[in-house]
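Data first, discussion second: the structure below is written as structure tokens.
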Amino acid sequence: MTIAVVRFGGSNCDRDTVAALEHLGIDAEIVWHEDGLPDEFSGIFLPGGFSYGDYLRAGAMAAHSPIMDEVREAVEAGTPLLGICNGAQIGCESGLAEGAFTTNVSARFQCEHVHVRVENADTPWTTAYEEGEVLELPIAHAEGRFEIADDALDRLEADDRILFRYCDADGNVTEEANPNGSKGSVAGILGVHDNAAVLMPHPERSTLPDLGHTDGRGVLEGFERSGT
Amino acid sequence: MTAYTATVTVRLKHGVLDPEAETTRKALERLGFDLEGLRSADRFEVDLDAESAQVARERADEMAERLLANPTIHDYDVEVSERE
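Those protein sequences? They're chains L and W, same order as listed.
The numbering of the first sequence is the numbering used here, which starts it at 1 and goes up by one.
The numbering of the second sequence is the numbering used here, which starts it at 1001 and goes up by one.
See below:
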């Protein structure tokens, strides 16, 4: 299996992502967006970065790159997709996931470690964890505040599509532990199709043991469990 | 064909936080200005040729729907005027 890591102009987590996946024994290759998806691949990764300089809105331009038509088709056909940080913003802008990630309530770029609580451990992306488990993951974003209409958030909750919420070290979801003002403290959700997920924290920066913590590896291992 | 400019104004929906506007408001107050509130908006001026103002408006509408605005967080309006 090979994971296609889609590089847009301004992606900057693409090589980290390949290193993290390969460390887990998951084959991965960087795919330049203008070249389209390769003939054979078993999963798609939309990496972090600042595609198109975040012009207009973070992820808005990349969401309309021609490769995204192929990506949507593949996801509809069951290919697993993970969108991280800018990849999550692209995922929402392209309709692969509901909601939007927009300007942090601080109006600042924030690069820090946060805690997230696993809300649904019954997905390929979270089955490595227990429901309620607290992970420590890095964030690095200026537009990570999850916004969505109230009724749409209610539906996400009712359908158990929220994967992670920001919390304190003990797993309490509080306003203080919400780093960016996300509605419902949402840090990551399942996409419109169950095989896709988007999240703002960086599990690929929490996979290599050299970096000191490896809480994120279970998310990346989701590609192995999706079993396409 | 007539030359038009379609002005697309994209605003955050009522109730959606606008941290940049809030920061700007605070900065204005720091300068001594007295204000009750402040909202920011993006304005796009699109020059295009079309058969009629209605057609120009429809095209600008589609641009807003598909790219300029994000319907999850934005409302937008379009104004069309003839261009010299």
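Ideal placement from N, C-alpha and C gives every residue a C-beta, glycine not left out.
- For L:Gly48 against L:Ala196, the beta-carbon gap comes to about 16 Å, at or over 8 Å, which does not count as contact.
- Looking at L:Val192, L:Leu82 and L:Gly87, the one whose alpha-carbon comes closest to that of L:Arg155 is L:Val192.
- Contacts with chain W (Cβ-Cβ distance below 9 Å) from the segment 46-80 of chain L involve Leu56, Arg57, Ala60, Met61, Ala63 and His64, listed in chain order.
- As a beta-bridge residue in DSSP terms, L:Ile189 pairs with L:Ile162 and L:Val198.
- No residue range can be given for L:His213, since it is assigned to no alpha helix (DSSP H) and is classified by DSSP as neither H nor E.
- Distance from the CA of L:Arg15 to the CA of L:Val6, rounded to the nearest whole angstrom, comes to 10 Å.
- By the neighbour-count definition (other C-beta atoms within 10 Å, threshold 16), L:Asn172 is an exposed residue.
- With three or more CB-CB distances shorter than 8 Å, the segment 95-111 of chain L counts as touching the segment 1014-1022 of chain W.
- Taking C-alpha positions only, L:Ser106 is separated from L:Asn180 by approximately 7 Å.
- In this structure, DSSP gives W:Arg1083 a state outside helix and strand, which the three-state scheme calls coil.
- For the 9 Å CB-CB criterion, L:Leu96 and W:Leu1068 do not form a contact.
- Distance from the CA atom of W:Leu1035 to the CA atom of W:Leu1012, rounded to whole angstroms, is 20 Å.
- For L:Ala107, the C-beta contacts it makes with chain W under 8 Å involve Pro1019, Glu1020, Glu1022 and Thr1023, in order along the chain.
- Residues of the segment 1065-1080 of chain W that bring their beta carbon within less than 7 Å of a beta carbon in chain L comprise Leu1067, Asn1070, Thr1072 and Ile1073, in sequence order.
- When the Cα atoms are used, L:Lys183 and W:Ala1003 turn out to be separated by approximately 43 Å.
- Within chain L, the residues Glu147 have their CB atoms less than 7 Å from the CB of W:Val1016, given in chain order.
- Under DSSP, L:Gln110 shares a beta bridge with L:His141.
- Annotation: the continuous beta strand (DSSP E) that includes W:Glu1045 extends over Ala1041 to Ala1050.
- Rounded to the nearest whole angstrom, the CA to CA distance from L:Asp168 to L:Phe45 is 28 Å.
- A Cβ of chain W is located within less than 9 Å of the beta carbon of L:Cys92.
- Annotated as proximal: W:Glu1045 and W:Thr1007, with beta-carbon spacing under 9 Å.
- For L:Leu21, the enclosing alpha helix (DSSP H) has its first and last residue at Asp14 to His23.
- The beta carbon of W:Asp1061 lies closer than 7 Å to those of Val1078 in the same chain, with the five residues before and after it left out.
- Going by beta carbons, L:Phe109 and L:Ala140 fall inside the 9 Å limit.
- Between L:Ala121 and the set L:Glu133, L:Glu112 and L:His113, the nearest pair of CA atoms involves L:Glu133.
- Within the segment 111-138 of chain L, not one residue has a Cβ closer than 8 Å to any Cβ of chain W.
- Taking a Cβ-Cβ threshold of 8 Å, the residues of chain W close to L:Gly99 are Thr1072, in chain order.
- Counting every other CB atom within 10 Å of its CB across the protein chains shown gives L:Pro66 a total below 16, marking it as exposed.
- The beta carbon of L:Asp170 lies closer than 8 Å to those of Val134 in the same chain, with the five residues before and after it left out.
- Contact between the segment 72-84 of chain L and the segment 26-36 of chain L is absent: fewer than three C-beta pairs spanning the two stretches fall below 8 Å.
- Assigned with DSSP and collapsed to three states, L:His64 falls in helix.
- The Cβ atoms of L:Pro209 and L:Pro138 do not sit closer than 9 Å to each other.
- Sixteen is the threshold: since fewer than 16 other Cβ atoms of the shown chains lie within 10 Å of the Cβ of W:Leu1028, the residue is exposed.
- At least one beta carbon of chain W lies nearer than 9 Å to the beta carbon of L:Gly181.
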